[in-house]
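The block underneath contains the structure these notes are about, expressed in structure tokens.
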Amino acid sequence: MPTTPSGDDAVTMALRSLADPFSVEITPKEAATLPPLSEVLAAGTEVYLTFLPRTPWPDTVAVARRLVRDGLRPVPHLAARAVPDRSTLRRRLADLAEVGVTDLLLVAGSSTTPAGEFHEAAQILDSGCLEEAGIVRVGVAGHPEGSPDIDDDALATALSTKNRIARDRGLDVRIVTQFCFAPEPIVAWERRIREAGNTLPVHVGLPGLTSPGRLLKFGLSCGVGPSLTVLRKQSGGVLKLVTTPVYRPYDTVVGLAAAVAADPHSLLCRLHFFPFGSLVATASWASDLLGERFETRDRRRPDMTA
Numbered sequence: 159m160p161t162t163p164s165g166d167d168a169v170t171m172a173l174r175s176l177a178d179p180f181s182v183e184i185t186p187k188e189a190a191t192l193p194p195l196s197e198v199l200a201a202g203t204e205v206y207l208t209f210l211p212r213t214p215w216p217d218t219v220a221v222a223r224r225l226v227r228d229g230l231r232p233v234p235h236l237a238a239r240a241v242p243d244r245s246t247l248r249r250r251l252a253d254l255a256e257v258g259v260t261d262l263l264l265v266a267g268s269s270t271t272p273a274g275e276f277h278e279a280a281q282i283l284d285s286g287c288l289e290e291a292g293i294v295r296v297g298v299a300g301h302p303e304g305s306p307d308i309d310d311d312a313l314a315t316a317l318s319t320k321n322r323i324a325r326d327r328g329l330d331v332r333i334v335t336q337f338c339f340a341p342e343p344i345v346a347w348e349r350r351i352r353e354a355g356n357t358l359p360v361h362v363g364l365p366g367l368t369s370p371g372r373l374l375k376f377g378l379s380c381g382v383g384p385s386l387t388v389l390r391k392q393s394g395g396v397l398k399l400v401t402t403p404v405y406r407p408y409d410t411v412v413g414l415a416a417a418v419a420a421d422p423h424s425l426l427c428r429l430h431f432f433p434f435g436s437l438v439a440t441a442s443w444a445s446d447l448l449g450e451r452f453e454t455r456d457r458r459r460p461d462m463t464a
């Protein structure tokens, strides 16, 4: 007769499920400074390519081509407000299809990005152009702690619309969240959107192994709220936070795994890392989540370490 996993075993199983496989995010400019990614990441790893307004589109396409060649899966960001019209959209999707891209992340773009025909991600999702270009999987943005650019009601409406489009078009759509520093806001948000009708799986954004001071800067600019307070408390205050060498999101990962283990209907299913310039260290740490080495080494450590 099969046995039921103990509490610790169930959390460990959930943790490994969240991390296998994990995904990472880099900028097209950063790619030129990194070692061969096939030596850092497992074959087939999803590598998101951040949209930056001043990055020429051909640079994103070139990095995507390199990732495909190296056996990785590029997931370029496509910002709706940076696409002036449908003909440009089709050209850019054709550029991606030509190098073997079948997955992308749709975002609206910043409030300062000029808007042409498209001003929100749902318009591109519902355009029919993705299917024409062979895009079979699509990520959309999730905001567990809200957005500085969009109010909560508008976010809820947008998510409901994306659920409907995914159903109507038969698209494989997932939510990829902004990065957070604590599990509680993520878990509570996932339950709220599920109760409101969301059925899209959720990939949880987490910061990688970079300096807490840098994370504090990005957190403030991205509107991260409750979990930023948790980060400050974990580190022993703001002064200690900005002088601590390395942040490891261990407590957050374990908290997410515990929530998934306790709730069989949870839609939290994957970890997505924002390395912030520390891809190699982040990838190594995330890979350790799948092995005994991580359990025996990191369970005894605080989240903030030298």
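Counting from 159, one number per residue, gives the positions in the sequence shown under this note's numbering. We treat Cβ as the ideally placed atom computed from N, Cα and C, and that holds for glycine. Here the structure is a predicted model, which is why all the values come from computation and not from measurement.
Remark: C-beta atoms of Val298 and Val259 do not approach each other more closely than 8 Å.
Here Arg249 is exposed: its Cβ has fewer than 16 other Cβ atoms, across all protein chains shown, within 10 Å. With respect to the C-alpha of Ala291, the residue from Asp409, Glu256, Asp307, Asp311 having the closest C-alpha is Glu256. In this structure, Thr440 lies away from Ala340, with their beta-carbon atoms at least 8 Å apart. Counting only runs of at least 4 residues, the region 191 to 253 fully encloses the following alpha helix (DSSP H) elements, listed from N- to C-terminal order: 215 to 227. Counting only the Cα atoms, Val412 lies some 43 Å from Gly274.
In chain order, Val331 place their CB closer than 6 Å to the CB of Ala324, counting only its own chain and leaving out the 5 sequence neighbours on each side. Straight across, the Cα-Cα distance linking Asp178 with Phe276 is about 35 Å.
In this structure, Val221 keeps its C-beta atom at 8 Å or more from the C-beta atom of Leu199. Collapsing the DSSP output to three states places Thr335 in a strand. Cβ neighbours of Leu210 within its own chain (closer than 7 Å, five residues either side excluded): Thr185.
Taking all protein chains in view, the Cβ of Ala240 is crowded by 16 or more other Cβ atoms within 10 Å, so the residue is classified as buried. A distance below 8 Å separates the beta carbons of Gly363 and His430. In the DSSP assignment, the residues bridged to Gly363 are Phe337, His430.
In summary, Asp253 is buried, with 16 or more beta-carbon neighbours lying within 10 Å of its beta-carbon over all protein chains present. Residues Ser181, Val182, Glu183, Ile184, Leu195, Leu199, Leu225, Leu230, Arg231, Pro232, Val233 of the same chain have their beta carbon placed closer than 8 Å to that of Val205, with the five preceding and five following residues left out of the count. Minimum Cα-Cα distance from Lys187 among the listed residues Lys320, Thr218, Asp421 corresponds to Thr218. The region 312 to 327 makes contact with the region 346 to 360: 3 or more CB pairs, one atom from each, lie closer than 8 Å. In this structure, the beta-carbon distance from Leu367 to Ser268 does not fall below 8 Å.
Only buried fits Val345, as 16 or more other CB atoms lie within 10 angstroms of its CB.
For Leu425 against Arg352, the beta-carbon gap comes to about 6 Å, under 8 Å, which counts as contact. With a beta-carbon spacing of about 7 Å, Ala266 and Ala237 fall inside the 8 Å limit used to define contacts. By the criterion of a C-beta distance shorter than 6 Å, Ala201 is surrounded in its chain by Gly229, once the five residues flanking it on both sides are discounted. The secondary-structure analysis by DSSP pairs Ser181 across a beta bridge with His430.
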